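Numbering-wise (our numbering), the sequence shown opens with residue 1142 and increments by one.
Input: a single structure, listed below in structure tokens.
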Amino acid sequence: MSKMSHNCDDALERMYLYLDGELTAESTEAIKVHLDDCPPCMDAFHFEERLKIVVRTRLQEEVPSELMMRLTSIIRSETLLD
Ligand SMILES: [Zn+2]
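As structure tokens, then:
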């Protein structure tokens, strides 16, 4: 938390690109380093990672966005219970 050299906002922003496989190898490495060093971002990353897997699976079944919202809250509460 005390390391100001790491920018969490930037890391979180890039996280989505990372999950989409759209980052360069260099940026991917920077994200990994940040996640290893930053538990809050690591948690957020795991959440997004899980959400993305669910979304990808559910999209193939063409689930309405309303249900997607519900899935999001389900995963979020599961994450809080971890
Ligand atoms: Zn962070």
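All C-beta atoms in this analysis are idealised placements derived from N, C-alpha and C, irrespective of residue type, glycine included.
Computed from a prediction, not measured in an experiment: that's the story for all the values here.
- Message: Measuring only the C-alpha atoms, how far is I1216 from R1191?
- Response: Cα-Cα distance, rounded: 8 Å.
- Item | With 16 other Cβ atoms within 10 Å as the buried cut-off, status of Y1159 | With 16 or more other Cβ atoms inside 10 Å of its own Cβ, Y1159 counts as buried.
- Query: According to DSSP, is S1218 helix, strand or coil?
  - Reply: S1218: helix per DSSP, three-state reduction.
- Item | Buried or exposed by the 16-neighbour rule on C-beta atoms within 10 Å, applied to H1187 | Exposed, since its Cβ has fewer than 16 Cβ neighbours within 10 Å.
- How big is the Cα-Cα spacing for S1143 and E1202? The predicted position of S1143 is uncertain, since its pLDDT is 44 and thus under 50; no value can be drawn from it.
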